[in-house]
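Trainee:
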Amino acid sequence: MNKALLLVLAVASLGFATGCVKVAPYERGMLAHPTMTPEEISIGLDGHVRAVSEGAAGGLGGGGGGCGCN
Amino acid sequence: MLLRLRAVLVSALVCLTVVLVAPTSLAAGEDAAARDAVKQILAEDYPGSLGPAKKKLQDQQAICVRKGCTAPVKAEIFVALGMVASQLGQADEAKNNFRSALQSDPNAHLPGDGVTPNIKAQWDEVKNPPARAGDTAGGDTGGDTGEEPPAAGGAPALVNLIKEALKADQDGRLEDCIDKDKQALKIQELPRTRLHLASCESRNNKLVDALKDAQKALEVGIQQKDQGVMRVARTRVKELLDRIPHVTFVPPPTVPDLRVTFDDRPVPIEALTKKFSVDPGKHKVVAEGTVNGFPSTYEEEYDIKEKDFVTVRITLKPPANDFITPGQIKCMLAAKSQEEVQQCLPQNRKSLVIRIAGDLSGYSDTNAVGVYTPAFNASLVSPTAGWNIGGNILVDAVTAASPDLVSSASPPFREYRYAGGLTGGYKPGLYGAQVSGSFSSSPDYYSYTGGGRFTADLNDKLITPTLGYSYSQDRIGRGPNNYLHDFNHLKGLLHTHEIEAGITFVMSPTAVLLIGGTLTVERGDQSQPYRYVPMFDPDLVAPFVPTGATVDLVNRTRLPVRPLEQLPTERDRWAIGGRFNKRVSNATFRLEQRFYIDTWGLKASSTDSRYMVDLSRHLRVWPHLRLHAQTGTNFFQLAYSAILDPSTGDIILPTYRTGDRELSPLITATAGGGIRLGLGEPEGNAKYGITFTGDVMYTRYLKALYVTTRTAVYGTIGFDVEF
Numbered sequence: 068m069n070k071a072l073l074l075v076l077a078v079a080s081l082g083f084a085t086g087c088v089k090v091a092p093y094e095r096g097m098l099a100h101p102t103m104t105p106e107e108i109s110i111g112l113d114g115h116v117r118a119v120s121e122g123a124a125g126g127l128g129g130g131g132g133g134c135g136c137n
Numbered sequence: 127m128l129l130r131l132r133a134v135l136v137s138a139l140v141c142l143t144v145v146l147v148a149p150t151s152l153a154a155g156e157d158a159a160a161r162d163a164v165k166q167i168l169a170e171d172y173p174g175s176l177g178p179a180k181k182k183l184q185d186q187q188a189i190c191v192r193k194g195c196t197a198p199v200k201a202e203i204f205v206a207l208g209m210v211a212s213q214l215g216q217a218d219e220a221k222n223n224f225r226s227a228l229q230s231d232p233n234a235h236l237p238g239d240g241v242t243p244n245i246k247a248q249w250d251e252v253k254n255p256p257a258r259a260g261d262t263a264g265g266d267t268g269g270d271t272g273e274e275p276p277a278a279g280g281a282p283a284l285v286n287l288i289k290e291a292l293k294a295d296q297d298g299r300l301e302d303c304i305d306k307d308k309q310a311l312k313i314q315e316l317p318r319t320r321l322h323l324a325s326c327e328s329r330n331n332k333l334v335d336a337l338k339d340a341q342k343a344l345e346v347g348i349q350q351k352d353q354g355v356m357r358v359a360r361t362r363v364k365e366l367l368d369r370i371p372h373v374t375f376v377p378p379p380t381v382p383d384l385r386v387t388f389d390d391r392p393v394p395i396e397a398l399t400k401k402f403s404v405d406p407g408k409h410k411v412v413a414e415g416t417v418n419g420f421p422s423t424y425e426e427e428y429d430i431k432e433k434d435f436v437t438v439r440i441t442l443k444p445p446a447n448d449f450i451t452p453g454q455i456k457c458m459l460a461a462k463s464q465e466e467v468q469q470c471l472p473q474n475r476k477s478l479v480i481r482i483a484g485d486l487s488g489y490s491d492t493n494a495v496g497v498y499t500p501a502f503n504a505s506l507v508s509p510t511a512g513w514n515i516g517g518n519i520l521v522d523a524v525t526a527a528s529p530d531l532v533s534s535a536s537p538p539f540r541e542y543r544y545a546g547g548l549t550g551g552y553k554p555g556l557y558g559a560q561v562s563g564s565f566s567s568s569p570d571y572y573s574y575t576g577g578g579r580f581t582a583d584l585n586d587k588l589i590t591p592t593l594g595y596s597y598s599q600d601r602i603g604r605g606p607n608n609y610l611h612d613f614n615h616l617k618g619l620l621h622t623h624e625i626e627a628g629i630t631f632v633m634s635p636t637a638v639l640l641i642g643g644t645l646t647v648e649r650g651d652q653s654q655p656y657r658y659v660p661m662f663d664p665d666l667v668a669p670f671v672p673t674g675a676t677v678d679l680v681n682r683t684r685l686p687v688r689p690l691e692q693l694p695t696e697r698d699r700w701a702i703g704g705r706f707n708k709r710v711s712n713a714t715f716r717l718e719q720r721f722y723i724d725t726w727g728l729k730a731s732s733t734d735s736r737y738m739v740d741l742s743r744h745l746r747v748w749p750h751l752r753l754h755a756q757t758g759t760n761f762f763q764l765a766y767s768a769i770l771d772p773s774t775g776d777i778i779l780p781t782y783r784t785g786d787r788e789l790s791p792l793i794t795a796t797a798g799g800g801i802r803l804g805l806g807e808p809e810g811n812a813k814y815g816i817t818f819t820g821d822v823m824y825t826r827y828l829k830a831l832y833v834t835t836r837t838a839v840y841g842t843i844g845f846d847v848e849f
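Sequence order for the protein chains is A and B.
Numbering-wise (this note's numbering), the first sequence opens with residue 68 and increments by one.
Numbering-wise (this note's numbering), the second sequence opens with residue 127 and increments by one.
Written as structure tokens, this is what we have:
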């Protein structure tokens, strides 16, 4: 419980800290570069190989459903 | 000797402070402080040598120059330095200092007391040089300094200009000071005059010119071996280098006719990303270029302070006119980037963006598993209305002849898995939602998933939280050749609920951080229906089975009983992670870290990084590294034991047992990379690209039967088009 609370506080602190950052619209050109997307960027088998070869899953954007394989 | 030196210098200083009182236009406090400091320096004892006194006077001189003492006080310091140099036997330097004193203040003179014959002789030599053709009252003999005398006829004007510059300096008329010094320098290049010009420019906030002049004075001082000039010039150059602010530009991408001016002076486009030295104060940057067919401009005024380093990010926007609606202006003001600005414009604006992509992937490893996967996906996006739909489909062709199969006396097999999904979303403004559904089907395994995700843009789009939920149901059969209707309903039904949450933070114009976490709740029996687990005698065999025991060894030493795998039917899985993206020049560094723990006792850490470099507008390359390490689950064993119950004769098996190496402790390192080749013009109506990726994955199993390592090679070639 304490760890969860710490995590929430850490994320909240980050939020407050970022709240002080002002990045004007005209300063955000680099953020629109396709490689700067916060989404997963891998293609092809990369994600599926991870899902079946590692015992861990999830974290960022979720781990999805079953791998659909035996 | 020491006492004599000290007495001479102190008396000299007293006389200096009394006699050399000149009008001042600067703060009297600075002058008084300088005089007190000099007095203190000369009043100290200097056993053995007056070198330290000279050093302290030079330091005080630098302070005086920086704080802008009046010329008479500067002259006093030069006189004191000259007297010390004379006492040290450095006649040339003494004369140079006296000469500088007279340049700073033509009325400067020696104190009435404490002047040795040598000092007086050297002073007189400087003040009253031997008459020579062309010499004037303010001219230089040239003998000690190497400076050329002023040209005949120009000398009187030169002296007058120098005097007028000094007077202007004292009166605080810095522009006049600069003007007069420049006129004097046109007649003759004198490094001290050049230094004085730099001093006036510096105090008039013309640091760039001041630096140039101080550097030129230093250059001349070095040529003429004039220690006094060199010392002061070096001090001034260093001081100016510390103070000068700089500016650089970040041009917008894909504006071929870009023109940029800084204070109405054109900046060469190829030099925009260099660092320019500028004067402190207000400056205006204007840029022009064509965006989406619109002549667009950027105009911004910057108030630049000393020591600042300002990055000017040029974002071209079309000026308000009859063709731009208020809504479009509002759209542009809210735009995050030049690309979003372009999307607000009506010309060339697409109401629908279609993206189609296909790829072919292959996988092969040292356990004789091979996978070939063609995949296809497409999406429709309406930037104007805020909706999107998409879908994907793939086929996995899997061949396997792994040791697990061999150990179970099962033949190698080949099977096909089909998977696909649909997604759709709507985000008309700051808030949006996305729903998705997917399926996966193979002869012995069927899975479907549905879920949704909400997102919001907060704090001027600097913070974007997301919250999502999904449900999956997996039905696990027994293969090969067992089709869906043959599923064993007593086993193999798995329900999965997953909650995901994440927040994206814009940390700076070049950095984004995503923090996220998932909770996955799995309920059901996901034991594989054809994975047999070998059992061993608990006392005689199990403790001695080695990691990586061969199929033959296992078959020779295991007990006859060979139960199927049995996993716990409940599993809660937590994962938290972060993804940090940083854009540096023409490259993006992406770093991900995930920590994982579950109720089966498995703990894991996964680190993933890419460094994606845009070598040109069409070519991007990147290396990829991934490290994964995990513990085993708390029920995983290298060699399970079965016990015969003597009372009943039954064989007692471990409640939970598995041969799944992915539930064992392991370490995996993956290294590879990718190339993306953009075809056609990036700003064209249709964009095409080909992507190649390839990785080598090495896994070390720390506690597993049959194999201790696995090396896999996999890669993808993909093609995408957007129009």
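A virtual CB, placed ideally from N, CA and C, is assigned to each residue, including glycine.
Using only the alpha-carbon positions, how far apart do T196 of chain B and D390 of chain B sit?
Mentor: One C-alpha to the other measures close to 36 Å.
Trainee: Leaving out five residues on either side along the sequence, give the residues of the same chain with a beta carbon under 6 Å from the beta carbon of Y824 of chain B.
Mentor: Answer for Y824 of chain B: A795, T837, listed in chain order.
Trainee: Return yes when the Cβ of G558 of chain B is within less than 7 Å of the Cβ of T575 of chain B, no when it is not.
Mentor: No, the Cβ-Cβ distance between T575 of chain B and G558 of chain B is not below 7 Å.
Trainee: DSSP three-state call for T774 of chain B: helix, strand or coil?
Mentor: If DSSP states are grouped into helix, strand and coil, T774 of chain B belongs with coil.
Trainee: Assuming T423 of chain B contacts A413 of chain B under a Cβ cut-off of 8 Å, what Cβ separation, rounded to an integer in Å, is found between them?
Mentor: Right, the Cβ-Cβ distance comes to about 7 Å (below 8 Å), so this counts as a contact.
Trainee: Candidates B:Q184, B:D740, B:K401: which alpha carbon is nearest T44 of chain A's?
Mentor: Since the first and last residues shown for chain A are 68 and 137, residue 44 of chain A lies out of range.
Trainee: For D485 of chain B, go through chain A and note every residue whose CB falls closer than 8 Å to its CB, in chain order.
Mentor: Per Cβ cutoff of 8 Å: I110, G111.
Trainee: When DSSP builds the beta bridges, which residues end up paired with W700 of chain B?
Mentor: Its beta-bridge partners are B:L645, B:I723.
Trainee: Using the Cβ count rule (16 or more neighbours within 10 Å means buried), how would you classify Y832 of chain B?
Mentor: Counting Cβ neighbours within 10 Å, Y832 of chain B comes out buried, since at least 16 surround it.
Trainee: Would you please state the rounded distance, in angstroms, between the beta carbons of I482 of chain B and V847 of chain B? I believe it to be under 8 Å.
Mentor: Correct: roughly 5 Å between the Cβ atoms.
Trainee: Who are the near neighbours of H754 of chain B in its chain, counting only those whose CB is closer than 6 Å to its CB and skipping five residues on each side?
Mentor: Here the set comprises S732, T794.
Trainee: Across the region 744 to 758 of chain B and the region 770 to 778 of chain B, are there enough close Cβ pairs to call them in contact, namely three or more that are closer than 8 Å?
Mentor: Because the criterion of three Cβ pairs below 8 Å is not met, the region 744 to 758 of chain B and the region 770 to 778 of chain B do not touch.
Trainee: So, is the C-beta of T842 of chain B closer than 7 Å to a C-beta in chain A?
Mentor: Chain A contact via Cβ: present.
Trainee: Would you give the residue range spanned by the beta strand (DSSP E) that I245 of chain B belongs to?
Mentor: From DSSP, I245 of chain B is part of no beta strand (DSSP E) but of the alpha helix (DSSP H) over 243 to 253.
Trainee: Are G594 of chain B and E626 of chain B close, meaning C-beta to C-beta below 7 Å?
Mentor: Yes. Within cutoff.
Trainee: Any beta carbon of chain A sitting closer than 7 Å to that of Q763 of chain B?
Mentor: No, Q763 of chain B does not count as interfacial toward chain A.
Trainee: For I440 of chain B and K433 of chain B, I'd like the C-alpha separation in whole angstroms.
Mentor: Going from the Cα of I440 of chain B to the Cα of K433 of chain B covers about 22 Å.
Trainee: Report the neighbours of S732 of chain B on chain A: residues whose CB is nearer than 9 Å to its CB, in chain order.
Mentor: Simply R117, E121, A123, G126.
Trainee: Taking a contact to mean a Cβ-Cβ separation below 7 Å, would you say E648 of chain B touches R697 of chain B in this structure?
Mentor: Result yes, Cβ atoms of E648 of chain B and R697 of chain B sit closer than 7 Å.
Trainee: Listing by chain order, which chain A residues have their CB less than 7 Å from the CB of T636 of chain B?
Mentor: Within chain A, the residues near T636 of chain B are M97.
Trainee: Report the option in B:V632, B:L792, B:A768 whose CA atom is closest to the CA atom of Y782 of chain B.
Mentor: When each option's Cα is compared against that of Y782 of chain B, the closest is B:A768.
Trainee: Any C-beta of chain A sitting closer than 7 Å to the C-beta of V847 of chain B?
Mentor: No - not a single Cβ of chain A is within 7 Å of the one on V847 of chain B.
Trainee: In this structure, does DSSP put F849 of chain B in helix, strand or coil?
Mentor: Correct three-state label for F849 of chain B: coil.
Trainee: Using 10 angstroms around the beta-carbon of G125 of chain A, count the other beta-carbons present and answer buried if the total reaches 16, otherwise exposed.
Mentor: Buried.
Trainee: Kindly confirm or deny that the region 304 to 314 of chain B and the region 208 to 216 of chain B touch, where touching means at least three C-beta pairs closer than 8 Å.
Mentor: Output reads no: the region 208 to 216 of chain B does not touch the region 304 to 314 of chain B.
Trainee: In the DSSP output, which residue or residues are listed as bridge partners for H409 of chain B?
Mentor: The partner list for H409 of chain B (beta bridge, DSSP) reads B:Y428.
Trainee: For L588 of chain B, tell me which candidate among B:G516, B:S573, B:M633, B:S566 has the shortest Cα-Cα distance.
Mentor: Nearest C-alpha to L588 of chain B: B:M633.
Trainee: State buried or exposed for G727 of chain B, treating a residue as buried only when at least 16 other CB atoms are found within 10 Å of its CB.
Mentor: Under this definition G727 of chain B is an exposed residue.
Trainee: Please return the same chain residues whose Cβ sits closer than 6 Å to the Cβ of G484 of chain B, not counting the five positions on each side in sequence.
Mentor: So the list reads F502, F845, once near-sequence residues are dropped.
Trainee: Would Y489 of chain B pass as an interface residue toward chain A - the criterion being a Cβ-Cβ separation below 7 Å?
Mentor: Output row for Y489 of chain B: interface = yes.
Trainee: If you pair each beta-carbon of the region 506 to 522 of chain B with each one of the region 542 to 560 of chain B, do three or more pairs fall below 8 Å?
Mentor: Yes, since at least three Cβ pairs between the region 506 to 522 of chain B and the region 542 to 560 of chain B fall closer than 8 Å, the two stretches touch.
Trainee: Report back the beta-carbon spacing between A504 of chain B and E121 of chain A to the nearest angstrom; my notes put them in contact at under 8 Å.
Mentor: Contact doesn't hold; Cβ gap of about 30 Å is too wide.
Trainee: First and last residue of the alpha helix (DSSP H) that includes D113 of chain A?
Mentor: Looking at the DSSP string, the run of the alpha helix (DSSP H) that includes D113 of chain A is 113 to 120.
Trainee: By a C-beta neighbour count over all protein chains shown, 10 Å radius and 16 as the cutoff for buried, is F849 of chain B buried or exposed?
Mentor: Burial call: exposed.
Trainee: Counting along the chain, where does the alpha helix (DSSP H) carrying R318 of chain B start and finish?
Mentor: Looking at the DSSP string, the run of the alpha helix (DSSP H) that includes R318 of chain B is 317 to 329.
Trainee: Could you check how far apart the C-beta atoms of T622 of chain B and Y597 of chain B are, in whole angstroms? I think they sit under 8 Å.
Mentor: T622 of chain B to Y597 of chain B, Cβ: 7 Å. Contact.
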